[in-house]
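Colleague:
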Amino acid sequence: MKLLTISIAAYNVEKYLEKALTSMVCSPTAMEKLEVIIEDDGSTDGTLSIAKKYEKLYPDVYRAIHKENGGYGSTINNSIVLAQGKYFKQLDGDDWFDTENIEQFLNWLSAVDADFVVTPYYNCFEEGKTELVDNCKALKSIEGNISLVNSCGNIAMHELTIKTELLRNNHISITERCFYTDNEYTFLPLMFAKTVIKFEKPLYCYRLGREGQSVSIEGVKKHYRDAFSVAEKMYKAYEDNKEITGEIDAIAQKKLCYITDTVYTYCLVVSPNREMKIKLKEFDEHLKRDYTDIYRMTNVIKKVKLLRLSGFLTYAYLREEVLKKWK
6 MKLLTISIAA YNVEKYLEKA LTSMVCSPTA MEKLEVIIED DGSTDGTLSI
56 AKKYEKLYPD VYRAIHKENG GYGSTINNSI VLAQGKYFKQ LDGDDWFDTE
106 NIEQFLNWLS AVDADFVVTP YYNCFEEGKT ELVDNCKALK SIEGNISLVN
156 SCGNIAMHEL TIKTELLRNN HISITERCFY TDNEYTFLPL MFAKTVIKFE
206 KPLYCYRLGR EGQSVSIEGV KKHYRDAFSV AEKMYKAYED NKEITGEIDA
256 IAQKKLCYIT DTVYTYCLVV SPNREMKIKL KEFDEHLKRD YTDIYRMTNV
306 IKKVKLLRLS GFLTYAYLRE EVLKKWK
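Here the sequence shown stands for residues 6 to 332, where the numbers follow the numbering used here.
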């Protein structure tokens, strides 16, 4: 059995994939603990041939999987089924790992048994600037109760390594053909985790500023409807599992507020027209009617509260404010 499975979501990333795969080439002792599943999600460029090259070079580590395009969630779902590692971690095909730290992480992970492992990460901007991100400064490298994550900020996908059996046993499945599903991945398993530990060194190097990324204004205009779908799935999961979320309720609320803020922000960004305002108002009414507790907790979001208090008359003003910050 392997210690760690890395699932790589790879769609038309021939320009970047080599860097991602090379970043995990370290000592033979460390690499024998590693499994890398490269999920070629129906690419039309040279992504698959690069994946196969590494599969040939390191047949005990890299696995090249070619599948029809199913979106980001489908690559994670497929890898969870195939994974041989005790732990599971995700990597985008245009991102990479800190090679020195991934080797240390693999050696350290051998003595760990926590459900959740949290690590800092780097934001890496196209112009060369690097920024360290640590949303869990209070966590220590000693295993503790999952309630410790309540002290964290909004934990990102890049920070998480999760026990594979936790994902499988609780039937964690990510929405397919959908953007913004990193919110699902960081939320759904959280409700079933019992223990957490931190590895202090950053692993993940997250590329920012690439044309076509879903967090750009162009990406938001194309995919904003997906944020509604992801929010709905998270709301339902929270309501369905209230009896087991007590220990992590603070972080759960942060995540629900984050995805709600995302929905409202994206609607404001996409369009100033009346139809979009009506769509958002209907969503808010649905939230109030069907998810009363979540409606109340999301009143802490300034723009959401202003929209509600004004009967959505502040829509145009808030749109301008959001666009100023976005730029």
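By construction, the Cβ of each residue, glycine as well, lies at the ideal position given by its N, Cα and C atoms.
Identify the continuous beta strand (DSSP E) that holds L8 and give its terminal residues.
Modeller: 7-15
Colleague: Closer than 7 Å by C-beta to L193: which residues in its own chain qualify, once you throw out the five before and the five after it? Chain order, please.
Modeller: I177, A242
Colleague: Look up R68 in the DSSP assignment and say whether it is helix, strand or coil.
Modeller: strand
Colleague: Who are the Cβ neighbours of T270 in its own chain at under 8 Å, not counting the five residues just before and after it?
Modeller: K308, V327
Colleague: Are the segment 134-149 and the segment 191-207 in contact at 8 Å, needing three or more beta carbon pairs?
Modeller: A contact is defined here as three or more CB-CB pairs under 8 Å, and the segment 134-149 meets this definition with respect to the segment 191-207.
Colleague: Taking only the alpha-carbon atoms, compute the straight-line gap between L153 and V201 and give it to the nearest angstrom.
Modeller: 8 Å
Colleague: Quick one: any contact between the segment 85-105 and the segment 24-43, if contact means 3 or more CB pairs under 8 Å?
Modeller: yes
Colleague: Taking Cβ to Cβ, would you say V225 is nearer than 9 Å to V275?
Modeller: yes
Colleague: Beta-carbon separation of I167 and F93 under 9 Å?
Modeller: yes
Colleague: Confirm, please, whether the CB-CB distance from I43 to E60 is below 9 Å.
Modeller: yes
Colleague: Mind checking P33: buried by the 16 CB within 10 Å criterion, or exposed?
Modeller: exposed
Colleague: Given A321, which residues of its chain have a CB within under 8 Å of its CB, disregarding the five upstream and five downstream residues?
Modeller: P277
Colleague: Which residues bound the beta strand (DSSP E) around G98?
Modeller: First-last for G98: undefined, no H or E at that position.
Colleague: Taking the alpha carbon of I222 as the reference point, which residue from G133, L273, N83 has its own alpha carbon closest?
Modeller: L273
Colleague: So is I249 buried or exposed if we call it buried at 16+ other beta carbons inside 10 Å?
Modeller: exposed
Colleague: Report yes if the CB atom of D289 is closer than 9 Å to the CB atom of E244, and no otherwise.
Modeller: no
Colleague: Roughly how many angstroms lie between the CA atoms of L96 and I85, to the nearest whole one?
Modeller: 13 Å
Colleague: Taking only three categories from DSSP, how would you classify T250?
Modeller: coil
Colleague: On the criterion of 16 or more Cβ atoms from any shown chain inside 10 Å, does R324 qualify as buried, or is it exposed?
Modeller: buried
Colleague: Please report how far the alpha carbon of Y263 lies from the alpha carbon of Y21, in whole angstroms.
Modeller: Straight-line measurement puts the Cα of Y21 at about 29 Å from the Cα of Y263.
Colleague: In the DSSP assignment, find the unbroken alpha helix (DSSP H) run with Y229 in it and report its ends.
Modeller: 222-245
Colleague: Using a threshold of 9 Å, state whether the C-beta atoms of G51 and F130 are closer than that.
Modeller: Cβ atoms of G51 and F130: not closer than 9 Å.
Colleague: Roughly how many angstroms lie between the CA atoms of D45 and I179, to the nearest whole one?
Modeller: 17 Å
Colleague: So, helix, strand or coil for T319, using DSSP?
Modeller: Residue state, collapsed to three classes: coil.
Colleague: Output the boundary residues of the beta strand (DSSP E) element that contains F130.
Modeller: 126-130
Colleague: With DSSP as the reference, label N150 as helix, strand or coil.
Modeller: Taken through DSSP and simplified to helix, strand or coil, N150 comes out as strand.
Colleague: Thinking just about the alpha-carbon of each residue, which of G98, T265, Y229 is nearest to the one in M281?
Modeller: Taking only the C-alpha atoms, the option nearest M281 is Y229.
Colleague: Tell me which same chain residues have a C-beta within less than 7 Å of the C-beta of V123, skipping the five on either side of it?
Modeller: C141, L144, I160, E164, L165, V201, K203
Colleague: Distance check for A198 and F121, CA to CA, integer angstroms please.
Modeller: 7 Å
Colleague: With a threshold of 7 Å on Cβ separation, who are the neighbours of A236 within its own chain once the five nearest residues in sequence on each side are excluded?
Modeller: I264, T265, V268
Colleague: Please state whether the Cβ-Cβ distance between E170 and K91 is less than 9 Å.
Modeller: The answer is yes: Cβ separation under 9 Å.
Colleague: At the level of alpha carbons, what is the spacing between I253 and K260?
Modeller: A direct Cα-to-Cα measurement between I253 and K260 gives close to 11 Å.
Colleague: By the 10 Å Cβ neighbour count, where 16 or more other Cβ atoms means buried, how is V41 classified, buried or exposed?
Modeller: buried
Colleague: For Y63, which of C183, K247, A35, A257 has the nearest alpha-carbon?
Modeller: A35
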